[in-house]
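Novice:
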Amino acid sequence: LPSTIAIYVEKHYNEDISLDEVANLVNYSPQYFCRIFKDTTDKTFIDYLNCFRINVAKKMIINTNESIYNIYIKTGFSSFSYFNRIFKKYSKFSPTEYRQVFLDKQSAADDMRQINTAATALRISKYPDKNGEVESHCY
Numbered sequence: 065l066p067s068t069i070a071i072y073v074e075k076h077y078n079e080d081i082s083l084d085e086v087a088n089l090v091n092y093s094p095q096y097f098c099r100i101f102k103d104t105t106d107k108t109f110i111d112y113l114n115c116f117r118i119n120v121a122k123k124m125i126i127n128t129n130e131s132i133y134n135i136y137i138k139t140g141f142s143s144f145s146y147f148n149r150i151f152k153k154y155s156k157f158s159p160t161e162y163r164q165v166f167l168d169k170q171s172a173a174d175d176m177r178q179i180n181t182a183a184t185a186l187r188i189s190k191y192p193d194k195n196g197e198v199e200s201h202c203y
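Position one of the sequence shown corresponds to residue 65 (our numbering), numbered consecutively onward.
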């Protein structure tokens, strides 16, 4: 049961998915499907679907320059306010805050890489010149 549903959600997460539709997919009544799904996964189907959609949205927020609004449209949520509320529920950040936190972390990591690269490239050694004076030489 879960693999059939997981495959269906993966292929159709960006569409309006009804409980009747998914229950019908496995030949169960919606009530029986909900009970079996919850017993099998410890989540309601709606929680599972929302979690899947939010994970897709997180990847899009990090890996694209798409607007948050376009990401909401592409992930199948019924309204922008619902998308924002569910995103915050699962990630503790609004979608915009999530992107900013990621960019800040990425920027800090880039800064550290640049510092490490510069420190490696700029090794300063001191050599005495012919008069015994010490000069700094970079190589």
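Cβ coordinates follow ideal geometry from the N, Cα and C atoms, glycine included. This structure is a prediction, so every number in the text was calculated from the model and none was measured.
Taking the alpha carbon of H76 as the point to measure from, which residue in N88, Y96 and L113 has its own alpha carbon closest?
Specialist: L113
Novice: Spell out a yes or no on whether the region 140-155 and the region 100-107 are touching, meaning 3 or more CB-CB pairs, one atom from each, closer than 8 Å.
Specialist: no
Novice: Would you tell me roughly how many angstroms separate the C-alpha atoms of E130 and M124, rounded to the nearest one?
Specialist: 7 Å
Novice: Roughly how many whole angstroms lie between the Cα atoms of F150 and K122?
Specialist: Before going further, note that residue 150 is Ile rather than Phe in the sequence given. For I150 and K122, the distance between alpha carbons rounds to 12 Å.
Novice: Entirely within the region 72-107 and at least 4 residues each: give me those alpha helix (DSSP H) ranges in chain order.
Specialist: 83-89 and 94-105
Novice: Quick one: using the 10 Å Cβ neighbour count with 16 as the cut-off for buried, is C202 buried or exposed?
Specialist: For C202, the predicted structure reports a pLDDT of 34, less than 50, and the residue's modelled location is therefore unreliable. A value from the coordinates is still provided. By the neighbour-count rule (16 or more Cβ atoms within 10 Å), C202 is not buried but exposed.
Novice: Could you check where the alpha helix (DSSP H) with S145 kicks off and where it finishes?
Specialist: F144 to S155
Novice: Residues in the same chain with beta-carbon distance under 7 Å from Y92, minus the five sequence neighbours each way, listed in chain order, please.
Specialist: Around Y92, the same chain offers I100 as residues with beta carbons nearer than 7 Å, after the five sequence neighbours per side are excluded.
Novice: Please report how far the alpha carbon of E13 lies from the alpha carbon of N148, in whole angstroms.
Specialist: Nothing can be reported for residue 13: it is not among the residues displayed for the chain, which extend from 65 to 203.
Novice: Are there 16 or more other CB atoms within 10 angstroms of the CB of F109, so buried, or fewer, so exposed?
Specialist: buried
Novice: Counting along the chain, where does the alpha helix (DSSP H) carrying N134 start and finish?
Specialist: I132 to K138
Novice: Contact defined as beta carbons within less than 8 Å: I believe I118 pairs with Y154. What is the distance between those atoms, to the nearest angstrom?
Specialist: Here I118 really is in contact with Y154; their C-beta atoms are around 5 Å apart, less than 8 Å.
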